[in-house]
Amino acid sequence: MPSTTAETLSLVNRNVSVAPLVLLSATDHYARSAKGTRKRVVGVLLGQNDGKNVRVSNSFAVPFEEDEKDPSVWFLDHNYIESMNDMFKKVNAREKLIGWYHTGPKLRASDLEINELFKRYTPNPLLVIIDVQPKDVGVPTDAYFAVDEIKDDGTTTAKTFVHTPSTIEAEEAEEIGVEHLLRDIRDVAVGTLSTRVTSQLQSLQGLHHRLQD
Numbered sequence: 073m074p075s076t077t078a079e080t081l082s083l084v085n086r087n088v089s090v091a092p093l094v095l096l097s098a099t100d101h102y103a104r105s106a107k108g109t110r111k112r113v114v115g116v117l118l119g120q121n122d123g124k125n126v127r128v129s130n131s132f133a134v135p136f137e138e139d140e141k142d143p144s145v146w147f148l149d150h151n152y153i154e155s156m157n158d159m160f161k162k163v164n165a166r167e168k169l170i171g172w173y174h175t176g177p178k179l180r181a182s183d184l185e186i187n188e189l190f191k192r193y194t195p196n197p198l199l200v201i202i203d204v205q206p207k208d209v210g211v212p213t214d215a216y217f218a219v220d221e222i223k224d225d226g227t228t229t230a231k232t233f234v235h236t237p238s239t240i241e242a243e244e245a246e247e248i249g250v251e252h253l254l255r256d257i258r259d260v261a262v263g264t265l266s267t268r269v270t271s272q273l274q275s276l277q278g279l280h281h282r283l284q285d
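As structure tokens, this is what we get:
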């Protein structure tokens with residue numbers, strides 16, 4: 073476990089929310105590129121990070137390859153990331169590159185190295201692992217930030233990931249978009265995730281209406 077530092081507390085206490093369309097996009101990415109394999113897919117997260125609240129509102133897939141036998145061997149096309157990021161800036165300047173995602177289903181040995189690459193674009197990249205084949209009821213995302221782990225002897229430090237809670241939240245326009253997407257999606261894995269997201273949204277809407285009443 074990393075020692076408690078101001079940086080660690082600051083990162084862990086951030087409110088991370090993920091838009092449902094990001095989940096659907098990642099699941100579609102997996103279905104197109106890695107379905108039926110043990111491979112994971114990787115993409116970029118866009119949104120806003122004000123130091124307290126992190127809102128993941130958009131994403132895009134990135135070409136990624138890795139050697140399953142040797143986790144230290146991987147390739148991520150950073151030229152593609154930069155080109156796509158420039159394009160998204162022109163569409164919506166408010167959405168910044170705030171991190172990256174992969175479909176896990178768990179943290180892997182190369183994740184810290186990949187995270188370092190994303191520091192080219194943002195000081196504290198957010199990593200969200202998206203479960204595209206969920207078996208349990210719950211939020212299908214796990215969010216992490218990398219922090220310095222202080223060793224017991226206090227002489228050296230190493231990077232480690234700390235988990236921070238995440239929620240699925242949508243604005244009204246996004247909910248309409250999700251409904252339209254659900255009508256067109258036929259993939260079983262996507263359907264499973266979409267059903268869960270929609271169910272959560274309906275519950276949140278119901279609670280919101282009760283609070284207003």
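Its first residue numbered 73, the sequence shown is counted upward by one per residue in the numbering used here.
Quick reminder that beta carbons are idealized off the backbone N, C-alpha and C, glycines included.
Quick caveat: nothing in here was measured; it's all calculated off a predicted structure.
Open item on the list: On the criterion of 16 or more Cβ atoms from any shown chain inside 10 Å, does L81 qualify as buried, or is it exposed?
Closed with: L81 is exposed by the Cβ-count criterion.
Task: Other residues of its chain near Y102: CB distance less than 6 Å, five sequence neighbours each side excluded - done: The beta carbon of Y102 is closer than 6 Å to those of V113, T175, V204 in its chain, skipping five residues each way along the sequence.
Task: Distance CB(E138)-CB(R110) smaller than 8 Å - done: For E138 and R110, no; Cβs fall outside 8 Å.
- [ ] With a 10 Å radius around its C-beta and 16 neighbouring C-beta atoms as the bar for buried, classify E167 as buried or exposed.
- [x] With 16 or more other Cβ atoms within 10 Å, it is buried.
Task: Pick from D214, V163, D220, L169 that is closest to L117, judged by C-alpha positions - done: When the alpha-carbon of L117 is set against those of D214, V163, D220, L169, the nearest one is in L169.
Task: 4 or more residues per run - each alpha helix (DSSP H) lying fully within the segment 128–199 - done: Within the segment 128–199, the complete alpha helix (DSSP H) runs of at least 4 residues are 150–163, 183–190.
- [ ] Can you tell me which of the three DSSP states T109 falls into?
- [x] If DSSP states are grouped into helix, strand and coil, T109 belongs with coil.
- [ ] Using DSSP bridges, identify the partner residues of V84.
- [x] Paired residues: none, contrary to the question.
TODO: From the DSSP output, read off the bridge partner residues of L118.
DONE: Per DSSP, N130, L169.
TODO: Please state if the CB of G171 and the CB of V145 are separated by a distance shorter than 8 Å.
DONE: No, the Cβ-Cβ distance between V145 and G171 is not below 8 Å.
- [ ] From the DSSP output, in three-state form, read off D214 for me.
- [x] Looking at D214 - three-state DSSP - the assignment turns out to be strand.
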